[in-house]
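Colleague: Okay, here's the structure, questions in a sec.
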Amino acid sequence: MAFYAISVPYRYHIISLGAMGKLIVGNWKMNKGDEAGLQLAKNLIDLKGNVVICPPYTILREVAHLLRDASLKVGAQDCSSHEEGSYTGEVSASMVKSSGCSYVILGHSEVRTHRKETSQMVQKKAALALEAGLIPLICVGETRQDYEAGKTFEVLKSQLDLSIPETTQEIIIAYEPVWAIGTGLVPSLEYIEKTHGFIRQMTGDKYPVLYGGSVTSKNAQAILSIPEVSGVLVGGASLQAEEFIKIINA
Ligand code: 13P
3 MAFYAISVPY RYHIISLGAM GKLIVGNWKM NKGDEAGLQL AKNLIDLKGN VVICPPYTIL
63 REVAHLLRDA SLKVGAQDCS SHEEGSYTGE VSASMVKSSG CSYVILGHSE VRTHRKETSQ
123 MVQKKAALAL EAGLIPLICV GETRQDYEAG KTFEVLKSQL DLSIPETTQE IIIAYEPVWA
183 IGTGLVPSLE YIEKTHGFIR QMTGDKYPVL YGGSVTSKNA QAILSIPEVS GVLVGGASLQ
243 AEEFIKIINA
């Protein structure tokens, strides 16, 4: 696997998520927005550890209520870059917070691609999310084209520079190579270690960095054993309770 030629001489220490261990986040995307989602949440209710699930907006409040005494936390998959007003179809950060969420995923490559979201918009959303009391989970990652052109680090640097707001509050970064999302392709462990090291270096090692892209119960343990990886952001494999629980137990 070819790497963009860059040396990472800086020695970063590894931000840990404390006694809670690594963070496992399930992004349900546009799936299970009804009874099936409530059932999935019920099947996860007894889970212990540092786990967040991100169902569709339609059931956020119900899921958050269901999990009110559980250790599992709830997040949304996006929020508006505006505070309130005439923005048909959008959901503000404060609405997400008031539906019982603690987290919000921002800058996911599917939103960047399908809804033409820019890093500047991600930064605005993240600032509003922090103001509302949410922890933004900011996604970055190169496309296959960037990867093949050897531009991975260049793209990551630009996305990090432009997407992260000036703040001392808690933020989580998720590295999701676009070519690994939903494809079954997973980068080598060395590649994950190197990109995560680069992100830590670029951000002054202030934030936990999750890996996302085709994570399953088969590869989770190896990925989570990389010290630079603070957790995983799971798509498809978070839709089945049994599979998701196996990842958490990894
Ligand atoms: P998959 O795990 O389905 O590849 O999706 C990853 C993702 O996009 C999580 O946000």
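Residue numbers for the sequence shown follow the working numbering, beginning at 3 and rising by one.
Every residue gets a Cβ at the ideal spot worked out from N, C-alpha and C, and that includes glycine.
Just so it is clear, the structure is predicted and the values come from calculations on it, not from any experiment.
Could you give the uninterrupted runs of the beta strand (DSSP E) lying entirely in the segment 87–170, keeping only those of 3 residues or more?
Modeller: Listed in chain order, they are 105–108, 137–142.
Colleague: Any heavy atom of ligand 1 closer than 6 Å to the CB of Val-180?
Modeller: Result no, Cβ not under 6 Å from ligand 1.
Colleague: Under the criterion of a Cβ to heavy atom distance below 6 Å, does Asn-45 qualify as lining ligand 1?
Modeller: Checking the Cβ of Asn-45 against ligand 1 gives no.
Colleague: Answer yes or no: do Leu-212 and Ser-232 have a C-beta to C-beta separation smaller than 7 Å?
Modeller: Contact: yes.
Colleague: Quick check on Asn-251: does DSSP put it in helix, strand or coil?
Modeller: Here Asn-251 sits in helix by DSSP.
Colleague: For the pair the segment 42–53 and the segment 116–123, tell me if three or more CB-CB distances fall below 8 Å.
Modeller: The answer is no - the segment 116–123 does not touch the segment 42–53, with fewer than three Cβ pairs under 8 Å.
Colleague: Assuming Cys-81 and Ser-94 make a contact with CB atoms under 8 Å, what is their CB distance in whole Å?
Modeller: Between Ser-94 and Cys-81 the Cβ distance is about 6 Å, and since that is below 8 Å, they are a contact.
Colleague: Just tell me which of Gly-135, His-198, Leu-62, Val-142 has its CA closest to the CA of Gly-35.
Modeller: With distances taken between Cα atoms, Gly-35 lies closest to Leu-62.
Colleague: Using alpha carbons as the reference points, say which of Gly-39, Ala-78, Gly-91 lies closest to Gln-242.
Modeller: Checked all of Gly-39, Ala-78, Gly-91; the closest Cα to Gln-242 is Gly-39.
Colleague: Would you say the beta carbon of Ile-249 is closer than 6 Å to some non-hydrogen atom of ligand 3?
Modeller: Of the ligands one can find in the structure shown, namely ligand 1, none is ligand 3.
Colleague: Output the distance between the C-alpha atoms of Ala-252 and Ala-151, rounded to the nearest integer angstrom.
Modeller: The alpha-carbon atoms of Ala-252 and Ala-151 are separated by roughly 34 Å.
Colleague: Is the CB of Pro-229 under 7 Å away from at least one CB in chain C?
Modeller: Protein chains in the displayed structure number just one, and chain C is not present.
Colleague: Ligand 1 and Ser-165: does the residue's C-beta get closer than 6 Å to at least one heavy atom of that ligand?
Modeller: No - ligand 1 has no heavy atom lying nearer than 6 Å to the Cβ of Ser-165.
Colleague: Cβ of Tyr-209 within 7 Å of Cβ of Ile-250?
Modeller: No, they are not a contact pair.
Colleague: Leu-191 to Ser-88, Cα distance in whole Å?
Modeller: Rounded to the nearest angstrom, the two C-alpha atoms are 46 Å apart.
Colleague: How would you call Lys-275, buried or exposed, if buried means at least 16 neighbouring beta carbons within 10 angstroms?
Modeller: Nothing can be reported for residue 275: it is not among the residues displayed for the chain, which extend from 3 to 252.
Colleague: Relative to ligand 1, is the shortest distance from any of its heavy atoms to the C-beta of Ile-55 smaller than 6 Å?
Modeller: No, the beta carbon of Ile-55 sits no closer than 6 Å to any heavy atom of ligand 1.
Colleague: Only counting the same chain, and skipping five residues up and downstream in sequence, which positions put a Cβ closer than 7 Å to that of Glu-64?
Modeller: For Glu-64, where only same-chain residues beyond five positions count, the Cβ hits under 7 Å are Leu-40.
Colleague: Could you name the residues of the same chain whose beta carbon sits closer than 6 Å to that of Gln-171, not counting the 5 residues immediately before and after it, in chain order?
Modeller: So the list reads Leu-132, once near-sequence residues are dropped.
Colleague: DSSP has Leu-25 in a bridge; who is on the other side?
Modeller: In DSSP, Leu-25 forms a bridge with Gly-233.
Colleague: Does the distance between the C-beta of Leu-235 and the nearest non-hydrogen atom of ligand 1 fall short of 6 Å?
Modeller: Checking the Cβ of Leu-235 against ligand 1 gives yes.
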